[in-house]
Amino acid sequence: MSLTAVGEPAAERRRAPLGWLLWPALLAATVVLVSLPAGALPAWMTRYPAAWQVPVAAEISAFMRWLMESATFGVFTVRELTRGIAWVLDLPLAAAKAVLAGGIGWGRGAETVSLAPAIPWFSALIAGVAAGYWAGGARLALLMGAGLGYLAVFGQWPSAMVTLASVLVSSALGAAGGLLIGLACVRWRWVERAVSPLLDLAQTMPVFAYLLPMLILFGFGPVSAMIATIVYAMPPMIRVTTLAIRAVPPEIRELGAMTGCTRAQLTWKMLVPSALPALMVGVNQVIMLSLNVVIIASMIGAGGLGFDVLAALRRLDIGAGLEAGLAITVLAILLDRFAQALATKSARAPERDPERAARKRRLLTGAFWVAALLWLAAALKPDIAGYPEALRLSTAPYWNDLVRWINVTFFSTLEAIRAWAFLNLLAPVKRFALALPWVWVVALVGIAGYRLGGFRLAALTVALSLFIAAVGLWQVAMLTVYLCGLAVVVAALIGVAVGVASATRPRLWRAVETVIDLLQTLPSFVYLIPIVMLFRVGDFTALIAIVLYAVAPAIRYTAHGVARTPPALVDASVMNGCTRRQILTRVRLPLALPEILLGINQTVMLALSMLVITALVGTRDLGQETYSALAKADIGKGLVAGLCVAFIGIIADRLISAAAERTKRRMGLGR
1 MSLTAVGEPA AERRRAPLGW LLWPALLAAT VVLVSLPAGA LPAWMTRYPA AWQVPVAAEI
61 SAFMRWLMES ATFGVFTVRE LTRGIAWVLD LPLAAAKAVL AGGIGWGRGA ETVSLAPAIP
121 WFSALIAGVA AGYWAGGARL ALLMGAGLGY LAVFGQWPSA MVTLASVLVS SALGAAGGLL
181 IGLACVRWRW VERAVSPLLD LAQTMPVFAY LLPMLILFGF GPVSAMIATI VYAMPPMIRV
241 TTLAIRAVPP EIRELGAMTG CTRAQLTWKM LVPSALPALM VGVNQVIMLS LNVVIIASMI
301 GAGGLGFDVL AALRRLDIGA GLEAGLAITV LAILLDRFAQ ALATKSARAP ERDPERAARK
361 RRLLTGAFWV AALLWLAAAL KPDIAGYPEA LRLSTAPYWN DLVRWINVTF FSTLEAIRAW
421 AFLNLLAPVK RFALALPWVW VVALVGIAGY RLGGFRLAAL TVALSLFIAA VGLWQVAMLT
481 VYLCGLAVVV AALIGVAVGV ASATRPRLWR AVETVIDLLQ TLPSFVYLIP IVMLFRVGDF
541 TALIAIVLYA VAPAIRYTAH GVARTPPALV DASVMNGCTR RQILTRVRLP LALPEILLGI
601 NQTVMLALSM LVITALVGTR DLGQETYSAL AKADIGKGLV AGLCVAFIGI IADRLISAAA
661 ERTKRRMGLG R
């Protein structure tokens, strides 16, 4: 029993033999080209000629210098405009930091007069527990108390509050901006057509590339970091808003028209409230992405926990780095669960028991009054505001001792693993990637695009590939493809195996889901610290970090696809005498293949985002180009390298998505 040809159109079935012959032929030709001795091919085919290169990076840098030094609107310059925007955006950020971390004062510099201290840890703990109870009940209240207590007990409170202030303001502005742009996309199709390619580019562009223009335009400091965070975190909110508003039932729109609502009233009083549960999912994504950028943003003055992790990574202090990284993870979990609870609460019906609802309101009001009174007490007696030093705990020495013991005890084993992986896996794949002629790679990408999506997809993939060659970054781009591709293959093998094993076993899936949820909330830099301590810097360290960071979508999508197999098909297979293995390989996996491909697509995107960060551990790819450009403030070089990373991601996304759609059509699951 096979499902591979269900619903396949006759024309595609007639072309199928040609397709099966085409790909082996192309693979054989690729092997032959790589095996040719040096000099067998013309030099222009193996290395893109320097005379053909386009100085895009230099032109961008020159334009930015003109923009910031000479461009003017007559009354004021561009520099004055951007600095004015930075000053305006600094107001809510400074207010949030004053309340949560620095204290409320009046004046500037040495003349500042303190009016009130920052909210003390015990007041914030009481308010957080009360808010958690209001949004999600006793379980969320306990989680909020435990998480906030961890930040205080382990000495992470001051830095955590700086990070929380930045994340709250960035998330609020990013969610509001994404909501407005999403509503504009729903109202005007031309806005959606203009914004859609920008969203694709924004979601594949590495974060380092965002920091450079923000640094030039808005100067060094937390505001530039906040703007970069907003730009990076806004795209999911735009997409979610567009989908959520369009998914509102037509009856609600008709009701609004019948009651005489204006367009604004229909939008803000009917459509947005109806779509609120789905919109909260977008808000959750904005919060998670903002937290993911917080470490990188510390490179241009964000401060907080991100700076602590980055400083620990630079001095290889695994204990301090892990504690600060775990504090970011705790913040991520608390904000994630709270946002989910708000989404669930907005979708739930109001409390049926009015007495219980009134009692709950009185309890919450009392808790907030207690928190406010304790804050007032801390203002009158500042000595009680901080967590007592004598009661603080730290696990940093234990982590350092553990890593030191592992290095001493298992040094030979770890070195053997690293050497084996480098000699038998990394080095051969790297040599193969660098030996590929650029002309042949562009041709392969074009053929794949044409076979999977037609002429338009082929033209897009060829144009993006030629851009990478034309800007002189082909060699480092192939290093990126080699390391990212190898990591994606390893992550896909692990993810598919784990997803298949856990899809039909609920207990195992709950355990696996807990692990991948943790992996997805850990900040990307945290992966590097223990791996660097164990395996030192290099491509193998980067490979492990990328696999750990990117494996979650492969597991989740595979499990989801396998678990969604219609029970009727499984029952029919059992009645026909199929074994469990035959049901898996001939029924479940073929039906789950489109979902698996989408999971691999997400794995590629995460691998590319992590690959740029691994430049800190010695990789020599486009990530290193972007990172070195940030260090030199070379905006042209950084943007071009970031665009190349984005174009690699777009090529992979379009090809894999087209393959998934074609697979659905062949199986009768698509349009």
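Under the numbering used here, the first residue of the sequence shown is numbered 1, with each subsequent residue one higher. Where is the CB? At the ideal position from N, CA and C, for every residue including glycine. Fair warning: this is a prediction, and the values are worked out from it, not measured in the lab.
Listed as beta-bridge partners of Ala116 by DSSP are Ile104. In the three-state scheme derived from DSSP, where H, G and I count as helix and E and B as strand, Thr521 is classed as helix.
If you draw a straight line from the Cα of Val500 to the Cα of Gly485, it comes to about 22 Å.
The three-state secondary structure of Thr77, taken from DSSP, is strand. The continuous alpha helix (DSSP H) containing Asn400 extends over residues Ala396 to Thr409. Asn601 has its alpha-carbon roughly 11 Å from the corresponding atom of Val489. For Gly306, the enclosing alpha helix (DSSP H) covers residues Leu305 to Arg314.
Between the C-alpha atoms of Leu589 and Phe455 there is a straight-line separation of about 30 Å. Excluding five sequence positions before and after Arg662, the CB atoms of its chain that fall closer than 7 Å to its own CB belong to Leu452, given in chain order. Following the DSSP letters along the chain, one finds Asp539 inside the alpha helix (DSSP H) bounded by residues Asp539 to Ala563. Assignment of Thr72 by DSSP, reduced to helix, strand and coil, places it in the strand class. Every alpha helix (DSSP H) stretch that sits fully inside the segment 256 to 286 and reaches 4 residues is listed by chain position as 263 to 266.
Minimum Cα-Cα distance from Arg418 among the listed residues Leu255, Phe647 and Asp539 corresponds to Asp539. Closest option to Ile656, judged by alpha-carbon separation, among Pro213, Thr461 and Pro382: Thr461.
The DSSP assignment places complete alpha helix (DSSP H) segments of no fewer than 4 residues inside the segment 338 to 388 at 354 to 380, in order along the chain. Boundaries for Ser298: no alpha helix (DSSP H) harbours it, and the DSSP string shows neither H nor E there. For Val481, the enclosing alpha helix (DSSP H) begins and ends at Trp474 to Ala503.
In this structure the segment 469 to 480 touches the segment 425 to 438; the number of beta carbon pairs closer than 8 Å is three or more. Per DSSP, Asp634 lies in no alpha helix (DSSP H) and is assigned neither H nor E. Taken atom to atom, the span from the alpha-carbon of Asn407 to that of Leu534 is near 6 Å.
Gly177: member of the alpha helix (DSSP H) spanning Trp157 to Arg187, first to last residue.
Taking the C-beta atoms as reference points, Ala324 is found nearer than 8 Å to Val309. By the Cβ-count criterion, Val515 is exposed, with fewer than 16 other Cβ atoms from all chains shown falling within 10 Å of its own Cβ. Counting every other CB atom within 10 Å of its CB across the protein chains shown gives Glu595 a total of 16 or more, marking it as buried. A buried status is given to Phe208, since no fewer than 16 other beta-carbon atoms sit within 10 Å of its beta-carbon.
When the five nearest sequence neighbours on each side are left out, the beta carbons in the same chain lying within less than 8 Å of the beta carbon of Asn400 are those of Asp317, Ile318 and Gly319, in order along the chain. Contact check for Ala607 and Ile529: beta-carbon distance about 19 Å, past the 8 Å limit, so the pair fails to qualify.
If you draw a straight line from the Cα of Pro506 to the Cα of Ala341, it comes to about 23 Å.
Cβ contact annotation for Leu173 (same chain, cutoff 6 Å, sequence separation greater than five): Ile230, in chain order. Going by C-alpha positions, Ala552 is about 30 Å away from Tyr450. Straight through space, the alpha carbons of Thr329 and Thr163 are spaced by roughly 12 Å. Here DSSP, grouped into helix, strand and coil, assigns Thr579 to coil. In this structure, Ile635 and Pro213 form a Cβ contact; the two beta carbons are roughly 6 Å apart against a cut-off of 8 Å. If you ignore the 5 residues before and after Ser171, its C-beta comes within less than 6 Å of the C-beta of Val286, Ile287 and Ser290, all in its own chain and listed in chain order.
A distance below 8 Å separates the beta carbons of Ala554 and Ala492. Nearest to Gly599 by C-alpha distance, out of Arg404, Ala659 and Leu611, is Ala659.
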